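Undergrad: Got a structure for you, written out below as structure tokens; questions coming shortly.
Residue numbers (full-length UniProt numbering): 1 to 269.
Now the structure itself:
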């Protein structure tokens, strides 16, 4: 498996003092964000005025132009399991093959699309931050994955291979993303990759003592300690931890499985 430092460098940005996807915000973050569901601004009537506008350029046109199939490769697993490291290695292998792809990472999206209220408040104000910022409780995590699922669907519909690396601890949320992706495309367009690294190994890799803090009760809603993780019962790709296996080995395994399933064509010259 990848070295501890390599795993940490990718899953935990050096500019952070802690991993933003798994850290727990204050209770006020979560309670404030729940106000998003409150009625206001005439939103009750919005659905009646929204219609789907068909594109002139079809998904098939875009995929034909790119010479590839738009799919979502969704990495899930505990913090420190190696999701980001493997996803980055796969991203490089795909680019080297001539594929058009992009990578969405759990920590990175928390700086913009799924930022917590504390990040949004300074620029947008407390009311906006409370309505649209996301904390780390179950409901906010559900919305986090819903937003990411919608973004991955847009990329896949444009013929792009999307790599998404998120703890995404709840099976129901991952199943909803799968349904979104396959409903707009084809069965098999969503590949769930379970990075199955033992909890004890993840604890050893943690560079900032997050697991230790979670065990001590200093961090709430921490997946694997104080919040559950639903292991995928039947992922398309199951990466079981093995001593000495590198991120390149694991990314190459994913490439082979994508080829086998017919969602990845031969390398472009």
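Here a beta-carbon is modelled for each residue, glycine too, at the ideal position from N, C-alpha and C.
All figures in this text were calculated on a predicted structure; none of them were measured in a lab.
#1: Figure out for me which residue from 233, 141, 188 has the closest Cα to the Cα of residue 261.
#2: Would you mind reading off the limits of the beta strand (DSSP E) that contains residue 101?
#3: Would DSSP call residue 192 helix, strand or coil?
#4: Just to confirm my understanding: we take residue 251, look at its own chain, exclude 5 residues before and 5 after, and list those with CB closer than 7 Å. What are they?
#5: For residue 230, name the three-state secondary structure that DSSP assigns.
#6: How big is the Cα-Cα spacing for residue 119 and residue 81?
#7: Please work out which residues of its chain come closer than 7 Å, Cβ to Cβ, to residue 270, disregarding the five sequence neighbours upstream and downstream, and give them in chain order.
#8: What residue range is occupied by the uninterrupted alpha helix (DSSP H) comprising residue 85?
#9: Are three or more beta carbon pairs between the stretch 66-82 and the stretch 152-166 nearer than 8 Å?
#10: Could you have a look at residue 152 and say whether DSSP puts it in helix, strand or coil?
#11: Short check: CB of residue 222 to CB of residue 76, under 8 Å?
#12: Using three-state DSSP, classify residue 158 as helix, strand or coil.
#13: So the beta strand (DSSP E) residue 136 belongs to, where does it begin and stop?
#14: Tell me the DSSP secondary structure of residue 253 in three-state form.
#15: With a cut-off of 8 Å on the beta carbons, I'd call residue 138 and residue 230 a contact; round off their distance for me.
#16: Per the contact definition of three or more C-beta pairs closer than 8 Å, is the stretch 197-214 in contact with the stretch 166-181?
#17: I'd like the list of long-range same chain contacts for residue 166, defined as Cβ closer than 6 Å, with 5 residues on each side in sequence excluded.
#18: On the three-state DSSP scale, how would you describe residue 121?
#19: Starting from residue 237 and walking both ways along the beta strand (DSSP E), at which residues does that stretch end?
#20: Does the Cβ of residue 61 have 16 or more other Cβ atoms within 10 Å, making it buried, or fewer, making it exposed?
#21: Can you list, in chain order, the residues of its chain whose CB lies under 6 Å from that of residue 192, leaving out five sequence neighbours each side?
#22: How is residue 264 classed by DSSP in three states: helix, strand or coil?
#23: Closer than 7 Å by C-beta to residue 52: which residues in its own chain qualify, once you throw out the five before and the five after it? Chain order, please.
#24: Report the residue from 48, 257, 109, 45 whose alpha carbon sits nearest the alpha carbon of residue 164.
#25: Between which two residues does the alpha helix (DSSP H) harbouring residue 180 extend?
#26: Put residue 222 into one of helix, strand or coil per three-state DSSP.
#27: Let me know if residue 240 comes out buried or exposed under the rule of 16 or more other beta-carbons within 10 Å of its beta-carbon.
TA: Per the coordinate set shown:
#1: 188
#2: 101-105
#3: strand
#4: 86, 89, 90, 93
#5: The DSSP-derived three-state label of residue 230 is coil.
#6: 27 Å
#7: Here the chain covers residues 1 to 269 and nothing more, so residue 270 does not appear.
#8: Element bounds for residue 85: 83-96.
#9: yes
#10: helix
#11: For residue 222 and residue 76, no; Cβs fall outside 8 Å.
#12: coil
#13: Counting along the chain, residue 136 falls outside any beta strand (DSSP E), and DSSP gives it neither H nor E.
#14: Here residue 253 sits in helix by DSSP.
#15: Contact flag wrong, Cβ pair sits at about 12 Å.
#16: no
#17: 106
#18: helix
#19: Residue 237 -> beta strand (DSSP E) spans 237-240.
#20: Residue 61 should be labelled exposed.
#21: Excluding the 5 residues flanking it on each side, residue 192 has same chain C-beta neighbours closer than 6 Å at 74, 232, 235, 236, in chain order.
#22: coil
#23: none
#24: 109
#25: 171-184
#26: coil
#27: exposed
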